[in-house]
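Remarks on the structure that follows.
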Amino acid sequence: MLRRKSRVPRHTDAADPLDPAQEDRVRAVLSLGGVPHGELQDGVQQVRLRLLERSAKGQQAPRDVSAWAAVVASNWAMDFHRARRRQERLGERLAALRPGEREEDGAESRVLSLAVAQGLDELPDNQRQVVVLRFYADLPVRDIADELGIPEGTVKSRLHAAVRVLRTRLHEGEVV
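In UniProt numbering, the protein residues as written are 1 to 176.
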């Protein structure tokens, strides 16, 4: 039986899983995905990393590395834009807490902001980390767990404990 040769050569160099043509294709996909020029190299590195992780886990190399890399680059571009939108929303939230923005409750808002900031400073690092990722970066519990490499239940438990401590401190007025 005759087999058709693949037009895209397989690249199996363990030191660099992407050949220059594949890297150019990844850059093109990222550019078309709206990733700024300054962030393209980060995207290429992420694609390389995913390919290396795949081989480190003992998974078989993709049949067409170039096509696989293009899909991963496209997904990374979408994630890039989601993260940027999250950052913009965070900036809007923080801007809304600035003094003078809301005259009617500006003093209360400032006191509350200071109290929460002080309360966050006093939390253990692991609790502060999940609170900031959940409420300021607006990440869902699953993403926080993936990012920190811990189970979702641990994230939920740390969030619960931290919110309970913050709520208690704010109601008691100890933080102000």
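Virtual Cβ for every residue (Gly too), placed ideally from N, Cα, C.
Identify whether residue i lies in helix, strand or coil by the three-state DSSP scheme.
i    : result
I150 : coil
L18  : coil
V26  : helix
V176 : Because the pLDDT of V176 is 43, which lies under 50, any placement of that residue in the model is unreliable, and the number read from its coordinates should be weighed accordingly. Note: V176 maps to coil in three-state DSSP.
A137 : coil
G33  : coil
Would you mind sorting residue i into buried or exposed? The rule is 16 or more other CB atoms within 10 Å of its CB.
i           : result
L49         : exposed
R82         : exposed
S55         : exposed
R85         : exposed
G119        : buried
R167        : exposed
V111        : exposed
A67         : exposed
R134        : buried
L114        : exposed
A145        : buried
L123        : buried
residue 197 : The question about residue 197 has no answer here: the residues shown for the chain are numbered 1 through 176.
Can you list, in chain order, the residues of its chain whose CB lies under 6 Å from that of residue i, leaving out five sequence neighbours each side?
i   : result
L51 : P17
A69 : Q22, V26, V47
V72 : V47, R50
V35 : G43, A77, F80
V29 : A70, A73, S74
Could you check where the alpha helix (DSSP H) with residue i kicks off and where it finishes?
i    : result
E53  : 40-56
R63  : No alpha helix (DSSP H) holds R63; DSSP gives it neither H nor E.
D125 : 125-131
For residue i, which residues in the same chain have their Cβ closer than 8 Å to its Cβ, ignoring the five residues on either side in sequence?
i    : result
P20  : none
K156 : V141
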